[in-house]
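Quick mapping for you: the protein sequence lines, in order, are chains A and B.
Everything in the first sequence is counted per the numbering used here, starting at 5 for the first residue and increasing by one.
Everything in the second sequence is counted per the numbering used here, starting at 5 for the first residue and increasing by one.
Protein chains: 2
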Amino acid sequence: MTEHAARFDPVCPSGIAPIHIGDKWTAMVICLLAEEPMRYSTIRTQLGPVTAKVLTATLRDLERNGFVARSEHPGPPRSVHYGLTELGRTLLPAIALAVGWAHDHLGAMLDAQESYDREHARRDRADLR
Amino acid sequence: MTEHAARFDPVCPSGIAPIHIGDKWTAMVICLLAEEPMRYSTIRTQLGPVTAKVLTATLRDLERNGFVARSEHPGPPRSVHYGLTELGRTLLPAIALAVGWAHDHLGAMLDAQESYDREHARRDRADLR
DNA sequence: CGGAATCCTCTTCGATACTG
DNA sequence: CAGTATCGAAGAGGATTCCG
């Protein structure tokens, strides 16, 4: 079954959680490519709101680090496929750990933030007098 | 035995590796506090080249997330201690995984970078003609 | 001693428009 | 289709100075 819509929640915890892989879109790209090699425009569609510039920069960085391999098929219409390398697969446990941590402890972290912010809002109001 | 000099290699891989915990100094602070609670100035000395502003921001963020607890002992001279909470300790496996990954695969990643850069330096020179 | 205030630079991300 | 070029906004991190 082929998915044609974005597959990542816009409020996905990857921006909130304290464990990060690469930069903003890196972990999501790796997760996509872990299933199967994929062409540029497919990655773009699946990710949702990422600009071509940023996606290209992300893929270039992944390629430079040896995590993904790029293969160009001449056209027209031409297509460029990206796939995870063996080295790239070594990052999957790290992503799994990050997801697991978020599942287990993100709620506690958000509660702590709320308490902290509430406490310091009270202090700030008190400081005004 | 008390250490009075910085304990982190200035070229520590934590800035190069693709797995990050929090921001620049977060993982190192957590590693320090994992051994024992510590006062502000001790953390500062152990970390080495971190400014007061950035260390304070890092500790505030950790405190807000519920990862460290702050306890103030009035003076003079006053002292403020920071210690890991139970929630904070849940991040230790993530740090261990990051360190383990770097130990196992960082060399391969750096080799890939070198090949990539060499390859693209050749291409760039060729493109000039 | 443990910060806070201010100023600065560098990088990251996104929006937009254009191209082989 | 798979990018590149340019611009601008925002935040992270550091240097410096001052404070209770």
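Beta carbons: idealized from backbone N, C-alpha and C, even for Gly.
These figures come from a predicted structure and were not determined experimentally.
**Close Cβ partners of L36 of chain B (< 7 Å) along its chain, the five nearest in sequence each way excluded** = For L36 of chain B, same chain residues with a beta-carbon under 7 Å away, outside a window of 5 residues either side, are M42, I47, Q50 in chain order.
**Asked** Within 10 angstroms of its Cβ, does T62 of chain A collect 16 or more other Cβ (buried), or is it exposed?
**Response** The residue in question, T62 of chain A, is buried, as its Cβ has 16 or more Cβ neighbours within 10 Å.
**Prompt:** If you draw a straight line from the alpha carbon of L95 of chain A to that of L110 of chain A, how long is it in whole angstroms?
**Reply:** Straight-line spacing of the CA atoms in L95 of chain A and L110 of chain A works out to 21 Å.
**Request:** For the beta strand (DSSP E) holding A73 of chain A, just list the boundary residues, first then last.
**Result:** Where A73 of chain A is concerned, the enclosing beta strand (DSSP E) stretches over 72-77.
**Request:** Keeping to the same chain, check which residues put their C-beta closer than 6 Å to that of E123 of chain A; ignore five residues upstream and five downstream.
**Result:** Taking C-beta separations shorter than 6 Å and ignoring five residues to either side along the sequence, E123 of chain A has no partners in its chain.
**Item:** Beta-carbon gap between A116 of chain B and G70 of chain A smaller than 9 Å
**Value:** In contact: A116 of chain B and G70 of chain A (Cβ atoms closer than 9 Å).
**Spatial neighbours of Y120 of chain A in its chain, beta-carbon cut-off 6 Å, leaving aside the 5 residues before and after** = Correct list: empty, nothing qualifies.
**Message:** With H, G and I counted as helix, E and B as strand and the rest as coil, what does DSSP make of I20 of chain A?
**Reply:** DSSP places I20 of chain A outside both helix and strand once states are collapsed to three, so it counts as coil.
**Message:** Taking 9 Å as the threshold (beta carbon to beta carbon), is T6 of chain B in contact with chain A?
**Reply:** The predicted position of T6 of chain B is uncertain, since its pLDDT is 46 and thus under 50; a value taken from the coordinates is nonetheless stated next. No, T6 of chain B does not count as interfacial toward chain A.
**Item:** Spatially closest choice to V143 of chain B from B:A112, B:R93, B:P97, by CA coordinates
**Value:** The structure shown does not extend to residue 143 of chain B, since chain B is modelled only from 5 to 133, so the question has no answer here.
**Asked** Per DSSP, what kind of secondary structure is G87 of chain A in: helix, strand or coil?
**Response** When secondary structure is reduced to three states using DSSP, G87 of chain A falls in the strand class.
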